[in-house]
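Below you'll find the structure, written out as structure tokens, and then a few comments.
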Amino acid sequence: MRNQTYILGKLVEITIIFFVIMTALFFLFRLSPGDPISKVADPMLTPEDMRYIIEQMGLDKPIWEQYVIYLKNFFTGNFGVSFHYGEPVFKIIRERLGWTVLLFTSSTILAAFAGVFLGKIAAWNKGSRLDNVLSISALVCYTLFIPWFALLLLWVFGFKLGLFPLGGILSPELWVGNASWFVRMLDILHHMLLPLMTLFVIHLGSYLLLMRSSMLSVLREDYIITARAKGLSERVIRNKHAAKNAALPVVTSVGLSLAFSINGGALTEQIFTWPGIGRELIFAVSNNDYPLAQACFLLIALVVCWPIWLWIFSMPIWIRGLPIEPQGMVLE
Amino acid sequence: MGNWSKWRAEFCFYFLFLAVAFALTGLYACQKSKNSALLNIGLPEEPQSLNLWLGTDANSRKILSQIYQPLYHHHPETLEIIPWLAKDQPVFDPQALTYTVTLREAKWSDGSDFTSEDVLFTKQLFFDFKIPKYYSNWNIIQKIEAPDAHTVVFYLKEPSAIFMSRVMTAPMVSKKEWEPIAKQALAKEKPLRSLQDHPIEKPLGTGPFTLFEYKSGAYIHMKKNPYFFGTGQKIGNHILGPYVESLLFRIYGTSDVAILALKKGDIDYYWGDIQPGYIKDLKEQANIDLYFNKKSALYYMGFNLRKPPFDDKVLRQAIATMVDKDFILTRILQNYGTPMHSVVPSGNHFWYNPNVRKYGQGKTHDERIKLAYEMLKTAGYSWETPPVDENNNIVTPSDIRLPSGAAMDKFVILTPPADYDPKRAFAGTMIQEWLRELGMSAFARPMSFNSLLETVKGKHEFDAFVLGYGQLDLDPDYLRTFFESKNDKPRGWNMSGYRNPEFDTIADEQMTLIDTQKRKEIIWKMQEIILEDLPYLPLYNPHIIEATFNERFKGWVAKVDGIGNIWSMCVVKPAD
Numbered sequence: 000m001r002n003q004t005y006i007l008g009k010l011v012e013i014t015i016i017f018f019v020i021m022t023a024l025f026f027l028f029r030l031s032p033g034d035p036i037s038k039v040a041d042p043m044l045t046p047e048d049m050r051y052i053i054e055q056m057g058l059d060k061p062i063w064e065q066y067v068i069y070l071k072n073f074f075t076g077n078f079g080v081s082f083h084y085g086e087p088v089f090k091i092i093r094e095r096l097g098w099t100v101l102l103f104t105s106s107t108i109l110a111a112f113a114g115v116f117l118g119k120i121a122a123w124n125k126g127s128r129l130d131n132v133l134s135i136s137a138l139v140c141y142t143l144f145i146p147w148f149a150l151l152l153l154w155v156f157g158f159k160l161g162l163f164p165l166g167g168i169l170s171p172e173l174w175v176g177n178a179s180w181f182v183r184m185l186d187i188l189h190h191m192l193l194p195l196m197t198l199f200v201i202h203l204g205s206y207l208l209l210m211r212s213s214m215l216s217v218l219r220e221d222y223i224i225t226a227r228a229k230g231l232s233e234r235v236i237r238n239k240h241a242a243k244n245a246a247l248p249v250v251t252s253v254g255l256s257l258a259f260s261i262n263g264g265a266l267t268e269q270i271f272t273w274p275g276i277g278r279e280l281i282f283a284v285s286n287n288d289y290p291l292a293q294a295c296f297l298l299i300a301l302v303v304c305w306p307i308w309l310w311i312f313s314m315p316i317w318i319r320g321l322p323i324e325p326q327g328m329v330l331e
Numbered sequence: 000m001g002n003w004s005k006w007r008a009e010f011c012f013y014f015l016f017l018a019v020a021f022a023l024t025g026l027y028a029c030q031k032s033k034n035s036a037l038l039n040i041g042l043p044e045e046p047q048s049l050n051l052w053l054g055t056d057a058n059s060r061k062i063l064s065q066i067y068q069p070l071y072h073h074h075p076e077t078l079e080i081i082p083w084l085a086k087d088q089p090v091f092d093p094q095a096l097t098y099t100v101t102l103r104e105a106k107w108s109d110g111s112d113f114t115s116e117d118v119l120f121t122k123q124l125f126f127d128f129k130i131p132k133y134y135s136n137w138n139i140i141q142k143i144e145a146p147d148a149h150t151v152v153f154y155l156k157e158p159s160a161i162f163m164s165r166v167m168t169a170p171m172v173s174k175k176e177w178e179p180i181a182k183q184a185l186a187k188e189k190p191l192r193s194l195q196d197h198p199i200e201k202p203l204g205t206g207p208f209t210l211f212e213y214k215s216g217a218y219i220h221m222k223k224n225p226y227f228f229g230t231g232q233k234i235g236n237h238i239l240g241p242y243v244e245s246l247l248f249r250i251y252g253t254s255d256v257a258i259l260a261l262k263k264g265d266i267d268y269y270w271g272d273i274q275p276g277y278i279k280d281l282k283e284q285a286n287i288d289l290y291f292n293k294k295s296a297l298y299y300m301g302f303n304l305r306k307p308p309f310d311d312k313v314l315r316q317a318i319a320t321m322v323d324k325d326f327i328l329t330r331i332l333q334n335y336g337t338p339m340h341s342v343v344p345s346g347n348h349f350w351y352n353p354n355v356r357k358y359g360q361g362k363t364h365d366e367r368i369k370l371a372y373e374m375l376k377t378a379g380y381s382w383e384t385p386p387v388d389e390n391n392n393i394v395t396p397s398d399i400r401l402p403s404g405a406a407m408d409k410f411v412i413l414t415p416p417a418d419y420d421p422k423r424a425f426a427g428t429m430i431q432e433w434l435r436e437l438g439m440s441a442f443a444r445p446m447s448f449n450s451l452l453e454t455v456k457g458k459h460e461f462d463a464f465v466l467g468y469g470q471l472d473l474d475p476d477y478l479r480t481f482f483e484s485k486n487d488k489p490r491g492w493n494m495s496g497y498r499n500p501e502f503d504t505i506a507d508e509q510m511t512l513i514d515t516q517k518r519k520e521i522i523w524k525m526q527e528i529i530l531e532d533l534p535y536l537p538l539y540n541p542h543i544i545e546a547t548f549n550e551r552f553k554g555w556v557a558k559v560d561g562i563g564n565i566w567s568m569c570v571v572k573p574a575d
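Chains A and B, in that order, give the protein sequences.
Letter by letter, the first sequence follows residues 0 to 331 of numbering that gives the first Met the number 0.
Letter by letter, the second sequence follows residues 0 to 575 of numbering that gives the first Met the number 0.
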């Protein structure tokens, strides 16, 4: 009963947070300077034309009326139509989100695995030459300027060596022909590797440093001494007792990275012409495309809130099932 | 510790994945080849929409202009208006105020006939939906009649000089395609929005290409229209093709990458403006051709004439004297452009008045200061320490005082930010420095483009600004739009708040003149008035710089606004 009340309380809390975010988003966009057509600089458009366009977008109505329509639409599953593209926002997000997830999820997960692995090694060999090399490399990766690094990769691998395409998600000349599905998949992979490499390197630094620091702190714990006293091998202590506990902050960080990857990769998407949601979000904000921008931010809010929901409902189950089950500690 | 053999297996997992991927994709990359029938074109952004009524951005127009065609087009070299879907020049009846247009034997891309019914339907669509821009342009028409399938008679409400340039250059749409969509949209609460939001997957057009496939976020594939009326015809001094089978548009998020793609030969033409910084490198490439063309554009400094201090004409003229356009041209535009002396670009040969007043032209920097100082002193402006001392030397002045004796307040020159347009941002900074040499507290302030337009055009809360029109219509009727008193209203195009009854009278008069020579005289007079009163100070007109990969295709047609035009798409041929 007490658990049910707790879960119910959390649900209400999240719902309120979500509602506040929705409201804030609605008013923030309306309060920002200009409107969806303020960027239009065509002298042939008269002020009357502009008023008519605004009216057709429904932006001539009082702001409270617009807000009620917005809430009504949202709760009936209607996210509206993009002012810019004239397409349902849901369709745009569905098309773009897939590409973002494909690129960012793979790069984040790969970087997290590599970061945990290399961070573990660095911490285990603290003070050695290997540790220094790894730590300095991680710092370099962490502080790399994304546009510079992305352009460098494109210049070397795409232009000079000609091994990879210069951006995009596929080779049009191949797709307009009769290429098989296997070749098309290979083509997408081919296009994905450079942006993937960029994001992998950028993320790797932070995960490696986080894991190293976490591992060093875990290695000072009493249960590690106990494990040694029990005569366990160094490998078992390092991999099973220390690394799994030390990986917990990395897992938290990965969760947040996934949530923020929706907008965080806009620069990478821009340079590699990757049609993801980050580029779309920046574009929607700068063009005052309210329905699209609101939906993108709501999606971010949803992704941030979603792990909390998941945590409430299933934390006891999934935390035990994961390979990072804390060893040497007692779960209550 | 330090036992590498234990870690090797884990390392292998990551590197195996990357190695396999690299190997597979590398092998695959070697097998790709270029199709010589495809003309590959790079675009800086994805088009907004392929719905003609929504896709009004530059990139949508690049695609849609290959599909939807007007009755008349501008000649690529002379810029005269010449028949396109129309067969001949229209016959004007001054008594009945009618234009009779005979149509060509043309077909839509599905093989159906293009007839006068389509012209009538297009007009009805503009009026039923009050389609922005087209409706206000076509509102000069009282009615249209179609005596037969290939003749259309336009009845005007009153004589109009813009009939040819604004009405006849509007794109025609197919009744067959749009009638059901229009019926459906008219029944909706927001008819225009419904029309604009209607998805168009296979647009019907009369142009040289048809849309074959649009893969959002990746490419747009257009194929040659077998029914194109111009194939084999000599129009505008060119025998039209198209001579390529397909156009393939791909998107490049940054110009850096687009330039690499061009150098590598991934694309044959980048349909975007290239910044001067790339030119040196591109000139060294044997397989790249560069094109420098004039733009129908106006980049200018505007003043707020509604309040002091810029309500004083002498102050504006003194500022114009201080602004060194040659410096802007050489240092900011790196000589890729022309200084602008009138509000009509010099590339628009017929309407451009070369005899307008030119402030400080040919003067040195010190001479400009002395000239501006004399103008201001004569008008009653004063300084404790003037910018020119008794010995006629230039000195650092104290703050300038207005003729009333009050100190001139600090004022702000709003510019777009440098990441949006470095030229305008730097021009604003230079003007700030020049004006400080006269003791004015000028501050250039970059502002996001949205906010800038809202502040200047919507709220009129500004002192001065630097803005520009990148693609001005070739008909100079925009002078009326920019400077007529009735357009001084929120969101009106008379952003400076310029009011001059003499100008208003002749601006309205030129609208009704069918005789182009007489109209030209008035347009020249309008330019003289504006350059005397200076609500806008024209600054520069940058060249449009474009590049092509010359190994596969040749025959690009250069005109004002560059080689990216329908003429090029109709005449470009494979190089061999």
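Ideal placement from N, C-alpha and C gives every residue a C-beta, glycine not left out.
Exercise. Return no unless some Cβ of chain B is closer than 7 Å to the Cβ of Val80 (chain A).
Key: yes
Self-check item: Same chain, Cβ closer than 7 Å to Asp503 (chain B), neighbours up to 5 away in sequence not counted
Solution: Glu483 and Ser484
Self-check item: Residue-chain proximity (Trp177 (chain B), chain A), Cβ-Cβ < 7 Å
Solution: no
Quiz prompt | Buried versus exposed call for Pro69 (chain B) [16 or more other C-beta atoms within 10 Å across all chains shown] | solution = buried
Quiz item: What span of residues does the beta strand (DSSP E) with Asn39 (chain B) cover, start to end?
Solution: Leu37 to Leu42
Quiz item: Under 7 Å Cβ-Cβ, which residues of chain D neighbour Phe448 (chain B)?
Solution: No chain D appears in the structure shown, which is made up of the protein chains A and B.
Quiz prompt | Residues of the segment 458–479 of chain B with Cβ closer than 7 Å to any Cβ of chain A, in chain order | solution = Tyr468, Asp472 and Tyr477
Exercise. Specify, as a first and last residue, the run of the beta strand (DSSP E) that Asn540 (chain B) falls within.
Key: Tyr535 to Pro541
Self-check item: Euclidean distance between Cα positions of Pro402 (chain B) and Phe481 (chain B)
Solution: 29 Å
Quiz item: Counting along the chain, where does the beta strand (DSSP E) carrying Pro170 (chain B) start and finish?
Solution: Segment: none, Pro170 (chain B) is in no beta strand (DSSP E) and carries neither H nor E.
Practice problem: List in chain order: all unbroken alpha helix (DSSP H) runs of 4+ residues lying wholly within the segment 43–86 of chain B. | Solution: 57–63
Exercise. Report yes or no: do three or more beta-carbon pairs, one from the segment 272–291 of chain A and one from the segment 198–211 of chain A, lie closer than 8 Å?
Key: no
Quiz item: Of all the options B:Gly563, B:Lys422, B:Ala506 and B:Leu304, which has the alpha carbon lying nearest to the alpha carbon of Lys497 (chain B)?
Solution: In the sequence as presented, Lys is not what sits at residue 497 (chain B); that position holds Tyr. Per the Cα distances, B:Leu304.
Self-check item: Spatial distance of Asp532 (chain B) from Gln316 (chain B) (CA atoms)
Solution: 8 Å
Quiz item: Asn50 (chain B) touches chain A at which residues, Cβ-Cβ below 8 Å?
Solution: Gly85
Quiz prompt | Contact set between Tyr51 (chain A) and chain B, taken where Cβ atoms lie within less than 9 Å | solution = Lys129, Pro131, Tyr134 and Leu191
Quiz item: Going along the chain, which residues of its own chain have a beta-carbon closer than 7 Å to the beta-carbon of Leu152 (chain A), five neighbours each way excluded?
Solution: Leu193, Met196 and Thr197
Quiz item: What are the boundary residues of the beta strand (DSSP E) that Thr97 (chain B) is part of?
Solution: Thr97 to Thr101
Exercise. Under 8 Å by Cβ, that's how I've got Lys294 (chain B) and Asn564 (chain B) pegged, so tell me the actual separation to the nearest angstrom.
Key: Actually they are not in contact, since the Cβ atoms of Lys294 (chain B) and Asn564 (chain B) sit about 13 Å apart, beyond 8 Å.
Quiz item: To the nearest angstrom, how far is it from the Cα of Val559 (chain B) to the Cα of Ile299 (chain A)?
Solution: 45 Å
Quiz item: So is His73 (chain B) buried or exposed if we call it buried at 16+ other beta carbons inside 10 Å?
Solution: buried
Quiz prompt | C-beta neighbour in chain B for Val235 (chain A), strict 7 Å | solution = no
Quiz item: Tell me which same chain residues have a C-beta within less than 7 Å of the C-beta of Pro396 (chain B), skipping the five on either side of it?
Solution: Trp382, Thr384, Pro385, Pro386, Leu437 and Gly438
Exercise. Please report how far the alpha carbon of Trp154 (chain A) lies from the alpha carbon of Thr142 (chain A), in whole angstroms.
Key: 20 Å
Quiz prompt | When A:Phe181, A:Ala111 and A:Phe199 are compared against Phe148 (chain A), the one with the closest alpha-carbon | solution = A:Phe199
Quiz item: At a CB-CB cut-off below 7 Å, which residues of chain B make contact with Phe148 (chain A)?
Solution: Correct list: empty, because the minimum Cβ distance to chain B is about 13 Å.
Practice problem: Would you identify the three-state DSSP class for Gln400 (chain B), choosing helix, strand or coil? | Solution: Sequence check: residue 400 (chain B) is Arg here, not Gln. Arg400 (chain B): strand per DSSP, three-state reduction.
Quiz prompt | Short Cβ contact (7 Å threshold) for Arg518 (chain B) with Gln526 (chain B) | solution = no
Quiz item: What is the DSSP secondary structure of Met163 (chain B), reduced to helix, strand or coil?
Solution: helix
Quiz item: Mapping DSSP to helix, strand and coil, what is Ser106 (chain A)?
Solution: helix
Quiz item: Are the segment 192–201 of chain B and the segment 81–98 of chain A touching, with three or more C-beta to C-beta distances below 8 Å?
Solution: yes
Practice problem: Could you please give me the residues that DSSP links to Ser581 (chain B) through a beta bridge? | Solution: Examination of residue 581 (chain B) is not possible in this model, given that chain B is present from 0 through 575 alone.
Self-check item: Residue from B:Asn58, B:Cys569, B:Gly491 and B:Glu550 with nearest C-alpha to Asp272 (chain B)
Solution: B:Asn58
Quiz item: beta strand (DSSP E) containing Leu210 (chain B): first to last residue?
Solution: Phe208 to Lys214
Self-check item: With 16 other Cβ atoms within 10 Å as the buried cut-off, status of Phe74 (chain A)
Solution: exposed
Self-check item: Reduced DSSP category for Ser216 (chain A) - H, G, I as helix; E, B as strand; rest coil
Solution: helix
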